[in-house]
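One structure is given below, encoded as structure tokens.
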């Protein structure tokens with residue numbers, strides 16, 4: 025029963041709905057209303073009549089309605105109260121110098137940059153080409169010349185019908201060898217470029 029509840033004890037206790045929904049925290053007791061505050065940044069105030077309290081176990085103040093019905097008790101003005109009979113909102117008159125200050129929040133995009141390292145691989149591969157070089161080669165050949173015998177030439181013995189005369193002949197041949205040499209130098213440089221990128225995100229205010 026509500027009459028058995030120590031209303032001073034429920035302050036700063038959890039408030040929950042009939043389906044154990046989180047209603048926030050009890051902030052104050054104002055007459056026949058329980059002030060419940062929900063949210064961490066954007067805090068919302070709800071003024072709920074005491075007769076809608078179902079139970080209190082010393083830790084949780086439980087109401088007999090669901091979270092879908094909670095919005096009808098929302099009041100952004102903590103000085104406003106509700107009549108428990110008509111449930112219509114009435115407001116106390118304030119003094120001329122009394123002000124209520126509340127704050128609004130807005131999300132901003134927090135952009136940060138991190139360095140990421142990639143690796144570029146440069147591979148040298150041999151390329152085979154066919155190259156033609158013209159080379160001059162020297163060789164010796166035999167030439168035969170016939171002339172009458174001179175007076176000093178005398179036949180010492182009968183000439184045989186067949187006689188082999190061997191004369192060495194020289195000729196040049198091509199010998200190909202391949203030798204690597206430095207053709208050119210390749211210079212590899214790293215150059216830094218800056219690109220502009222648009223970041224789009226949804227923010228709530």
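Residue numbers (this note's numbering): 25 to 229.
Even for Gly, the Cβ is constructed at its ideal location relative to N, Cα and C.
Check: Reducing DSSP to helix, strand and coil, say where residue 80 ends up.; Outcome: strand
Check: Could you pull the start and end residues of the beta strand (DSSP E) that residue 89 belongs to?; Outcome: Looking at the DSSP string, residue 89 is not in any beta strand (DSSP E), and its letter there is neither H nor E.
Check: To the nearest angstrom, how far is it from the Cα of residue 26 to the Cα of residue 62?; Outcome: 22 Å
Check: Would you report the Cα separation of residue 209 and residue 135, rounded to the nearest angstrom?; Outcome: 43 Å
Check: If we count the other Cβ atoms within 10 Å of its Cβ and call it buried at 16 or more, is residue 205 buried or exposed?; Outcome: exposed
Check: For residue 40, collect the residues of the same chain with a Cβ closer than 8 Å to its Cβ; drop the 5 residues on either side in sequence, then sort them by chain order.; Outcome: 46, 47, 84, 85, 86 and 87
Check: DSSP three-state label for residue 212, please.; Outcome: coil
Check: Please state the DSSP three-state secondary structure of residue 28.; Outcome: helix
Check: Any idea which residues DSSP pairs residue 40 with across the strands?; Outcome: 46 and 86
Check: Going straight from the alpha carbon of residue 197 to that of residue 154, what length do you get?; Outcome: 21 Å
Check: Can you check whether the CB of residue 165 is closer than 8 Å to the CB of residue 194?; Outcome: no
Check: Between the Cα of residue 66 and those of 214, 174, 130 and 82, spot the shortest distance and give me the residue it belongs to.; Outcome: 130
Check: Is the beta carbon of residue 79 closer than 8 Å to that of residue 42?; Outcome: no
Check: Determine the DSSP secondary structure at residue 52, reduced to helix, strand or coil.; Outcome: strand
Check: Less than 8 Å separating the beta-carbons of residue 98 and residue 49?; Outcome: no
Check: Among 64, 81, 56 and 82, which has the Cα closest to the Cα of residue 242?; Outcome: Outside the displayed range of the chain (25 to 229) lies residue 242, so it cannot be described from this structure.
Check: Please state the DSSP three-state secondary structure of residue 96.; Outcome: helix
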